[in-house]
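Following: one structure in structure tokens, then a few remarks.
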Amino acid sequence: MGLLDGKAAIVTGSSRGIGAEVAKYLAAEGAGVVVNYRQKAPRANKVVTGIENDGGRAVAVGADLTSPEGPAALVAAATENFGGLDVLVLNASGGMETGVEEDYALKLNRDAQVNMLNAALDVMPAGSRVVFVTSHQAHFINSVPTMPEYEPVARSKRAGEDALRELLPQLEEKGITLVVVSGDMIEGTVTATLLDRANPGAIEARRVEAGRLYSVQEFGAEVARMATADVPSGHTEYVGGADYLGAGQVS
């Protein structure tokens, strides 16, 4: 028996990287998982096929979370395919891509997170869990400086976390908990690759400073674990980067 047998989950931004790993872990615990992608359907379908080959349940759904209809499409997919929604993992993020509009980071990392949660609240029952995925570079941005190339994204992600925390009273009324997972730089992610391209040597420098960096698979396992962990609403789970915990705020 899995911890999420009979449950349904949405993992935003899950066609690759951390989101894909989280989707696999949740499916392994028995959840039916909506695998979300924005443009790359073949990648998302590959994730779904892998889950199904391992005996799990999943469906790939294309949805741009910055559009008005994107969040609603994911919620509809969860209810239609798996009968409801019990776990929402807010993993999608961005802002370092080339060719995006100037305020795209805020639209995705703050506004879309709130819109996704608000759409999900209509169907999530008491006892459900929301997990917001962020980085130490964003979570601690008000007290620990980050690389200039990443600061706009970090501030937009912190704004997203703050906006979600403002909804804690509303979540409490519904019996739904929110957990934040904050991780150090993760080896092999798109963000790490873009940062290293913009600031060559940045990832190696952080690896030396931190002692080690988590892999995508390791961090994905920690995020998935928080979907069922016995922690209070509003809890922040820190993964790696012990130096941040001594230098920055802890909430």
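Here the UniProt record's numbering is used: the first residue of the sequence shown is 1, the next is one more, and so on.
Quick reminder that beta carbons are idealized off the backbone N, C-alpha and C, glycines included.
- For the pair I186 and L195, the CB atoms are not nearer than the 8 Å cut-off.
- D86 sits close to A9, with the two beta carbons spaced by under 8 Å.
- An exposed status is given to Q170, since fewer than 16 other beta-carbon atoms sit within 10 Å of its beta-carbon.
- By the neighbour-count criterion, in which a residue is buried when 16 or more other Cβ atoms sit within 10 angstroms of its Cβ, S143 is exposed.
- In terms of Cβ geometry, V153 and I18 do not form a close pair [threshold 8 Å].
- Counting other Cβ atoms within 10 Å of its Cβ, N118 stays below 16 and is therefore classed as exposed.
- Our two residues, V35 and V208, have alpha carbons roughly 34 Å apart in a direct line.
- Under the three-state reduction of DSSP, L4 is assigned to coil, being neither helix nor strand.
- Per DSSP, reduced to three states, the secondary structure at V87 is strand.
- Judged by their CB atoms, S215 and G183 are not nearer to each other than the 8 Å cut-off.
- Distance from the Cα of V89 is smallest, within the candidate group V179, E218 and G234, for V179.
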